[in-house]
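Protein sequence lines, in the order shown, are assigned to chains A and B.
When we follow the numbering used here, the leftmost residue of the first sequence carries the number 10, and every step to the right adds one.
When we follow the numbering used here, the leftmost residue of the second sequence carries the number 1182, and every step to the right adds one.
For every residue, glycine included, the Cβ atom is placed at its ideal position computed from N, Cα and C.
Fair warning: this is a prediction, and the values are worked out from it, not measured in the lab.
Report on the following structure.
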Amino acid sequence: MANIAEIKGLTKLYNRKKALNNVTLDLESGKIYGMLGPNGSGKTSLIKILSGILRESSGEVLIDGHKPGVHTKSVVAYLPDRNFLYKWMSIQDAVNLFKDFYGDFDEYRAYELLDFMKLDRNMKTTELSKGMMEKLNLTLILSRKAKLYILDEPIAGVDPVARDQILNAIINNYDGESTMLITTHLVRDMENIFDDVIFLKDGEVRLIGNAESLRAEKEKSIDEIYKQIFGE
Amino acid sequence: MGKYIKYEIKGSYKFILGIIAILIIATTAIQLDGFYNLANGFDSFLTVGIPLIIILGAMITAFFYIVGSFRKELYEDRGYLTFSLPLSGKQILGSKLIVAALWFFLLGISVVIYNAGLAMLFYAKDGYPMMKEFLKILWSKDVRSFIILSTISSITTLVMIYFSIALSRVTIKNKKIGGFWFVIFLAMNSLYGFIGVMLNRAFPYYFDFANWNMMKSSEMNPVSSLAMSGSPVITGGFTGSIYYGIASLALTIIVGVGLFYGTSYLIEKRIDL
């Protein structure tokens, strides 16, 4: 299967601290990847570089055959771990913006998802709770037919009901052709949707493999493998 | 780029309309004061001084709001949206400059037109010839060339501010030290002014765009001492026209274009969110 992203010898330094250390990784099309690791393991740095909002210190990143830039931003749907919409916007304004800028945005899918998430499109983004904001951001991202979806902590800090809604939205809207890269600390809640998992520690890939094979090989759940690796 | 301009306008128009409303109320107070003082023959700080302070305050607020909108992209979470849109640095910066210029133009023109209309209303008897004279002055070659050249100079200053903010963000990673851009701006602006003066002294030719006439500074008595000092703009002289230093004007354009590309590069290739 073709690779949507190719990462070779990627290093990111913040002053002298290495957030990523010589990471080499390929992301295949048509797979859901779980990127797992504790705080400070380099997950967000890697995601930001793939999204084109952080520069690598050395190494190379290619997405859809291009270096991060205007083209890759048109094929990558990035869900940051924060409220990134402009404060003056209503939900409808946010839908309009995505429709205007992304040729792969499906407005009707967005309205269906808004209904599914029980979000009123006339609401201002400043009126939304954390859970509602997360659902709106995910609605916008999943309404694109992107080649690579990058979701940074999509279910962090939301209640169990909203968490289930978000997970269902991810599962129901994944078309099997594109690639998803998801980071989470809530491994137990999300591990069933991962095809492959990447364990990052101290900016390096500690373990990578097919989720099902890893479970069979180690006779443990991904959550237990996580605890084994990072609990050392 | 047009789409981004649309969202820039949508995000700021309410604030700008508010500023225009404040300016209109304040200038109305000044005009009313002028109108009644014709009859009563006295001035009041309350009716003139306070509105003048309000006008100054509103203009400064508008300026910092517009400058702040660029800063917010680099220092606040909204940058995650802006910089993940499939737009180049030049498109983002160009849009911000166009919208900033549009707002400054709208602020200026709405206050001028409103006050001209109000003056006609107050002084109905002399209003029409007064307005005609006003428009004649406003549309004179001198004023037109002044507006165009001031716009070029203002845009260069604005780009220099944006460049300072972007450079500050790239060099100082700590978001809490956000005011460092002002130090960079002051240093750059001083250097730019100094080089402009030096260039005008080395190449002492001045151009009058209204009459399409070039003069050497030594020919511009009685203001030759000012011209010899390398001032970028000289008014007066024998003709009463406005003369612009050719060397410093060329510098303004080169600096403006250079900093536009520099800022675009920084926000596209160097900013880490």
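Beta carbon of residue i nearer than 8 Å to that of residue j
i: B/I1186; j: B/V1280; result: yes
i: A/D73; j: A/I13; result: yes
i: B/I1247; j: B/W1284; result: yes
i: A/V32; j: A/L55; result: yes
i: B/A1347; j: B/L1432; result: no
i: A/L59; j: A/P47; result: no
i: A/D232; j: A/V206; result: no
i: A/R64; j: B/D1258; result: no
i: B/S1276; j: B/I1201; result: no
i: B/Y1387; j: B/I1427; result: yes
i: A/A165; j: A/V84; result: no
i: B/F1216; j: B/F1315; result: no
i: B/Y1343; j: B/L1266; result: no
i: B/S1326; j: B/A1282; result: no
i: B/P1413; j: B/N1370; result: no
i: A/Y87; j: A/M189; result: no
i: B/S1422; j: B/D1323; result: yes
i: A/L151; j: A/N177; result: no
i: A/V167; j: A/I175; result: yes
i: A/E186; j: A/S66; result: no
i: A/I191; j: A/M44; result: yes
i: A/L128; j: A/L145; result: yes
i: B/K1191; j: A/F110; result: no
i: A/G51; j: A/L209; result: yes
i: B/L1204; j: B/L1288; result: yes
i: B/I1197; j: B/A1243; result: yes
i: B/G1437; j: B/V1364; result: no
i: A/L149; j: A/A119; result: yes
i: B/I1415; j: B/Y1424; result: yes
Residue i Cβ short of 7 Å to the ligand ATP heavy atom set
i: B/G1260; result: Looking at this structure, you won't find the ligand ATP or any other ligand, since it has none at all.
Three-state secondary structure (DSSP) of residue i
i: A/V32; result: strand
i: A/S99; result: strand
i: A/N131; result: coil
i: B/T1203; result: Checking the displayed sequence, the identity of residue 1203 of chain B turns out to be Ile instead of Thr. Looking at B/I1203 - three-state DSSP - the assignment turns out to be helix.
i: A/E228; result: coil
i: B/D1453; result: coil
i: A/N92; result: coil
i: B/I1358; result: coil
i: B/M1401; result: coil
i: B/M1379; result: helix
According to DSSP, residues forming a beta bridge with residue i
i: B/N1394; result: B/D1389
i: B/Y1425; result: B/F1388 and B/V1414
i: A/K17; result: A/E69
i: A/L22; result: A/K27
i: A/F114; result: A/R153
i: B/N1370; result: Paired residues: none, contrary to the question.
i: A/N12; result: A/E37
Run of the alpha helix (DSSP H) containing residue i, from where it starts to where it stops
i: B/R1350; result: K1322 to T1352
i: B/M1182; result: B/M1182 -> no alpha helix (DSSP H), and no H or E assigned at all.
i: B/I1279; result: G1270 to F1303
i: B/P1267; result: Premise fails: B/P1267 is in no alpha helix (DSSP H) and is neither H nor E.
i: B/F1244; result: I1231 to Y1256
i: A/K236; result: I231 to F239
Delimiting residues of the beta strand (DSSP E) encompassing residue i
i: A/Y87; result: V85 to L88
i: A/R215; result: E213 to N219
Beta-carbon neighbours of residue i, restricted to chain C and to distances below 7 Å
i: A/L106; result: In summary, chain C is missing from the structure at hand, where the protein chains are A and B.
* Kindly provide the ranges of any alpha helix (DSSP H) runs that are 4 or more residues long and lie completely inside the region 134-211 of chain A, ordered along the chain. => 139-151, 169-182 and 196-199
* **Any alpha helix (DSSP H) of 4 or more consecutive residues that is wholly inside the region 26-83 of chain A** => 52-60
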